[in-house]
Amino acid sequence: MKVWGWLTPSVTGDYTFWIASDDDSGLWISDSANPIVPTVGSEICRVSKWTGYRN
Numbered sequence: 002m003k004v005w006g007w008l009t010p011s012v013t014g015d016y017t018f019w020i021a022s023d024d025d026s027g028l029w030i031s032d033s034a035n036p037i038v039p040t041v042g043s044e045i046c047r048v049s050k051w052t053g054y055r056n
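For the sequence shown, our numbering begins at 2 and goes up steadily by one.
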């Protein structure tokens, strides 16, 4: 399954992202007008096995 969306920050600053998964998952950030094609090196998190939502 692929889930995607947009984040438009209202202010400049630091943001924290979390990811939990029951299998291989990744979180990607793109500043492209086409978010379907992430830029090289834009994966900010990788989960390779099951994680609980509180991990």
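Even for Gly, the Cβ is constructed at its ideal location relative to N, Cα and C.
As the structure is a computational prediction, the values presented were derived from the model and not from experiment.
- The residue from Asp25, Val12, Thr17 and Pro10 with its alpha-carbon nearest to that of Lys3 is Asp25.
- Across the structure, Trp29 and Ala21 are spaced so that their CA atoms are roughly 14 angstroms apart.
- When the five nearest sequence neighbours on each side are left out, the beta carbons in the same chain lying within less than 7 angstroms of the beta carbon of Cys46 are those of Phe18, Ile20, Gly27 and Leu28, in order along the chain.
- Residue state for Ser26 is assigned as strand, using DSSP reduced to three classes.
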